[in-house]
Amino acid sequence: MMNKLRELTKRQNESSPEDFAAVIWGCEIDESYIGGKNKNRHKNKKVEKCQGRSYKDKVPVFGILQRNGKLIAKVVERTDMEHLLPIIKKYIKKGSVIYTDGLEYSGITDDYIIRSVNHSARLYGYFEFDETDAMIMVCNNGIENAWSHLKRTIFGTYYHVSRKYMQKYVDEYVFRFNTRKLSDSDRFHLYLQYIYAA
1024 MMNKLRELTK RQNESSPEDF AAVIWGCEID ESYIGGKNKN RHKNKKVEKC QGRSYKDKVP
1084 VFGILQRNGK LIAKVVERTD MEHLLPIIKK YIKKGSVIYT DGLEYSGITD DYIIRSVNHS
1144 ARLYGYFEFD ETDAMIMVCN NGIENAWSHL KRTIFGTYYH VSRKYMQKYV DEYVFRFNTR
1204 KLSDSDRFHL YLQYIYAA
């Protein structure tokens, strides 16, 4: 029953590029891996040869956060450009500014303006001036914050989510995130509209 209700929230996780225009403020993109630590699993559920920051037993989720706006998050098979580029091109207009955490996003440099911070050098953000002499903050702390909330929502509320249903839980979280400035009654009315339209 709850998965059927979560199914209705996916509309909030679907936007056209016109709704998700990011030319002015820019977008932050990042990926995250959701899943428990191997060392905390029962002996018969441990993944072989999985130590430290190994991600082979975790579910990759890719996200785009429009600054001062909406979040889009998708469960992806892998976090290579073959899987991420179609999502980026679908939701972000060409010519937009994209803020990343320093990972190589090859294939998008021709169509977008890329600004990145190097987390491995302990650089998490800096200020620079754009072409209109406006000061902007180059960071991707907004989407890192969204990942932190998503993980705490899953581990604190549901404890465990199977890979099969992960996208539905991500859709529910995106609905909550994108409607966070609405009152509870307005959020409920929006949800009822989704039910009515289904």
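All the letters of the sequence shown, read from the start, carry residue numbers 1024 to 1221 under the numbering used here. Using N, Cα and C, we set each Cβ at its ideal position, and we do this for glycine too.
- Excluding five sequence positions before and after Gly1118, the CB atoms of its chain that fall closer than 8 Å to its own CB belong to Val1046, Asp1134, Tyr1135, Ile1136, given in chain order.
- Taken through DSSP and simplified to helix, strand or coil, Lys1081 comes out as coil.
- Leu1215 and Asp1080 have their C-alpha atoms some 36 Å from each other.
- With contacts defined as CB atoms closer than 7 Å, Leu1107 and Ile1166 fail to qualify as a contacting pair.
- DSSP places Lys1113 inside the alpha helix (DSSP H), whose first and last residues are 1104-1114.
- Here Ser1171 is exposed: its Cβ has fewer than 16 other Cβ atoms, across all protein chains shown, within 10 Å.
- Closest in C-alpha terms to Ile1110, from the list Arg1210, Thr1176, Asp1053, Thr1202, comes Asp1053.
- Rounded to whole angstroms, Lys1113 and Glu1037 show a C-alpha spacing of 10 Å.
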